[in-house]
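Read through the structure below, which is laid out as structure tokens, and then see the notes.
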Amino acid sequence: MNLKDKTLWQRNAAAIGGMVLFAAGINFFIVPASLYNGGVLGISQIIRTLLIQVFPSLASGTDIAGIINFILNIPLFIMAYISIGKSFFSRTLVCLISQTIFLSIFPIPATPLVNDSLTASIMGGLLAGTGIGISLRSGGSSGGMDIVGMFFTKKYKNFSVGKVSLTVNAVVYGICAILFGIPTAVYSIIYSAVSTLMTDKAHTQNINTEVVIYTKEEPEAILDYIVNEFHRDATWWEARGGYTEETTYMIVTILSKYECVHLRRGLKTIDEHAFVVVKEGMHIGGKYEKHL
3 MNLKDKTLWQ
13 RNAAAIGGMV
23 LFAAGINFFI
33 VPASLYNGGV
43 LGISQIIRTL
53 LIQVFPSLAS
63 GTDIAGIINF
73 ILNIPLFIMA
83 YISIGKSFFS
93 RTLVCLISQT
103 IFLSIFPIPA
113 TPLVNDSLTA
123 SIMGGLLAGT
133 GIGISLRSGG
143 SSGGMDIVGM
153 FFTKKYKNFS
163 VGKVSLTVNA
173 VVYGICAILF
183 GIPTAVYSII
193 YSAVSTLMTD
203 KAHTQNINTE
213 VVIYTKEEPE
223 AILDYIVNEF
233 HRDATWWEAR
243 GGYTEETTYM
253 IVTILSKYEC
263 VHLRRGLKTI
273 DEHAFVVVKE
283 GMHIGGKYEK
293 HL
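Remember, our numbering sits 2 above the position in the sequence shown when you count from 1.
Here you go:
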């Protein structure tokens with residue numbers, strides 16, 4: 003097994019491990035407390051609850067929310083495969099299949115592990131958020147709003163992923179409040195907030211970095227990679243080495259720390275001798291859209 007294959011297996015293993023934590027948080031704490039996720043999985047959980055009210059036999063055995071979530075993601079996967087890229091598609095497929103399996107096989111306790119909804123929302127958020135963060139850090143994605151965000155960000159430069167995600171979650175929790183009561187919606191929102199905080203702790207997507215690349219090769223290939231892979235712009239100019247006086251090219255772009263890791267991997271296939279300088283914690287003004 004070569005180094006590239008070994009790295010791929012390690013990343014997939016980490017992404018799957020993250021899905022184990024996520025499913026544990028959902029099935030051991032969130033579902034027993036009758037709380038709900040946001041996004042596509044939250045919609046799936048609401049559909050599951052309504053189906054059980056019509057067909058009570060569905061309540062026994064496997065929680066079908068994971069299966070419904072997979073079905074709802076099928077058209078999104080087609081969108082990802084056609085418009086976003088095979089690499090993103092394959093990583094997301096691994097995570098979603100793993101998520102579906104673990105949500106289906108992890109037993110839901112007959113009696114809640116904790117009787118307090120607040121404690122359940124916090125514990126579930128800690129586990130689920132950490133799991134999602136690990137999966138994202140490994141290059142994976144659980145589908146749903148991640149795919150929608152990637153698709154529309156690629157199509158429309160000024161598209162706000164955060165606003166769409168917030169709108170979908172507001173609709174989900176609004177439905178929860180109407181169908182299941184305000185306390186259910188409130189504790190679900192608390193779970194979502196804790197989960198988001200833990201995801202940010204484990205994930206590096208929200209750390210801005212300035213990346214300066216020095217290359218002696220033609221810069222067009224690197225520029226094309228940045229634009230097509232990350233949907234970011236970049237600025238470049240010709241420079242001259244102070245010691246060698248050889249012509250070199252400087253390329254400057256702004257990426258998240260998470261995207262920066264992928265940039266380094268991609269540069270090895272374009273120019274393995276490229277020199278990269280990364281400055282973290284940049285304050286960005288203007289129209290800079292954070293990606294999911």
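For each residue, glycine too, the CB sits at the ideal point set by N, CA and C.
Open item on the list: Measuring straight from C-alpha to C-alpha, what distance separates ASP202 and SER123?
Closed with: Mapped onto the sequence shown, residue 202 falls at position 200. Mapped onto the sequence shown, residue 123 falls at position 121. Approximately 17 Å, taken between the alpha carbons.
Task: Sub-8 Å separation of VAL214 and VAL263 beta-carbons - done: The count along the sequence shown starts at 1 and reaches residue 214 at position 212. The count along the sequence shown starts at 1 and reaches residue 263 at position 261. No, the pair does not count as a contact, with Cβ atoms beyond the cut-off.
Task: Residues that DSSP places opposite ILE180 in a beta bridge - done: Your numbering for residue 180 matches position 178 in the sequence shown. Answer by DSSP bridge pairing: none, since ILE180 is not bridged.
TODO: Pick out the complete alpha helix (DSSP H) segments inside the region 21-80, 4 residues or longer, and give them in chain order.
DONE: 41-56
- [ ] Identify the continuous beta strand (DSSP E) that holds ILE215 and give its terminal residues.
- [x] Locating residue 215 in the sequence shown gives position 213, counting from the first residue. From DSSP, the beta strand (DSSP E) with ILE215 extends over 210-217.
Task: Top-ranked residue by Cα proximity to ASN14, from THR249, LEU98, LEU43 - done: Within the sequence shown, the letter at position 12 stands for residue 14. Minimum Cα distance to ASN14 is reached at LEU98.
Task: Any 3 or more C-beta pairs closer than 8 Å across the region 217-231 and the region 65-75 - done: no
TODO: For PHE57, count neighbouring Cβ atoms within 10 angstroms of its own Cβ and tell me buried if that reaches 16, exposed if not.
DONE: Locating residue 57 in the sequence shown gives position 55, where the first residue counts as 1. It counts as exposed.
- [ ] State yes or no: is the C-beta of GLY20 within less than 8 Å of the C-beta of ILE134?
- [x] By one-based count along the sequence shown, residue 20 stands at place 18. By one-based count along the sequence shown, residue 134 stands at place 132. The answer is yes: Cβ separation under 8 Å.
Open item on the list: One question on the structure: do LEU105 and ALA25 come within less than 8 Å of each other, judged by their Cβ atoms?
Closed with: The sequence position of residue 105 within the sequence shown is 103, counting from 1. The sequence position of residue 25 within the sequence shown is 23, counting from 1. Contact: yes.
- [ ] Starting from the C-beta of ILE49, find all residues in its chain whose C-beta is less than 6 Å away, skip the five residues before and the five after it, and write them out in chain order.
- [x] As a first step, residue 49 must be located in the sequence shown, where it is residue number 47. Closer than 6 Å at Cβ, skipping near neighbours: ILE70.
Open item on the list: Just to confirm, is the Cβ distance from GLY141 to ALA276 under 8 Å?
Closed with: On the sequence shown, position 139 is the one that residue 141 refers to. On the sequence shown, position 274 is the one that residue 276 refers to. The answer is no: Cβ separation not under 8 Å.
- [ ] Return the CA-CA distance between VAL170 and LEU199, expressed in angstroms with no decimal places.
- [x] Here residue 170 corresponds to residue number 168 of the sequence shown, with the count starting at 1. Here residue 199 corresponds to residue number 197 of the sequence shown, with the count starting at 1. Cα-Cα distance, rounded: 19 Å.
Task: With 16 other Cβ atoms within 10 Å as the buried cut-off, status of TYR245 - done: Position 243 of the sequence shown, counted from the start, is the residue given in the question as residue 245. Label assigned to TYR245: exposed.
Open item on the list: Please report the straight-line C-alpha distance between LEU294 and LYS259, rounded to a whole angstrom.
Closed with: Here residue 294 corresponds to residue number 292 of the sequence shown, with the count starting at 1. Here residue 259 corresponds to residue number 257 of the sequence shown, with the count starting at 1. In this predicted model, LEU294 has a pLDDT of only 49, less than 50, meaning its place in the structure is not dependable; the value taken from the coordinates is given anyway. Looking at the two C-alpha atoms, the distance is approximately 12 Å.
Task: DSSP beta-bridge partners of LEU258 - done: To locate residue 258, count along the sequence shown from 1; it is residue 256. The amino acid occupying residue 258 in the given sequence is Ser; Leu does not appear at that position. BP columns for SER258 point to ASN210.
Open item on the list: Measuring only the C-alpha atoms, how far is SER190 from SER167?
Closed with: Position 188 of the sequence shown, counted from the first residue, corresponds to residue 190. Position 165 of the sequence shown, counted from the first residue, corresponds to residue 167. Distance between the alpha carbons of SER190 and SER167: 16 Å.
Task: Every unbroken alpha helix (DSSP H) inside the region 92-163 [4 residues or more] - done: 119-139, 147-157
Task: Nearest residue (CA-CA) to ASN39, options GLY146, LEU257, TRP11 - done: Residue numbering aside, residue 39 sits at position 37 when the sequence shown is read from its first letter. The shortest Cα separation from ASN39 among GLY146, LEU257, TRP11 belongs to GLY146.
Task: ARG242, DSSP secondary structure in three states - done: One-based indexing of the sequence shown puts residue 242 at position 240. Here ARG242 sits in strand by DSSP.
- [ ] Report the option in GLU261, ARG93, TRP238 whose CA atom is closest to the CA atom of TYR251.
- [x] Here the question's residue 251 lines up with position 249 in the sequence shown. Among GLU261, ARG93, TRP238, the Cα nearest to that of TYR251 is on TRP238.
Task: Short CB-CB distance (under 8 Å) between LEU23 and chain D - done: Here there is only one protein chain, and chain D is not present.
Task: Outcome for GLY131 when other beta-carbon atoms lying within 10 angstroms are tallied against a minimum of 16 - done: Position 129 of the sequence shown, counted from the first residue, corresponds to residue 131. Buried, since its Cβ has 16 or more Cβ neighbours within 10 Å.
- [ ] Compare the Cα-Cα distances from ALA172 to each of GLY268, ALA236, ILE45 and report the closest residue.
- [x] Walking along the sequence shown from the start, residue 172 turns up at place 170. Checked all of GLY268, ALA236, ILE45; the closest Cα to ALA172 is ILE45.
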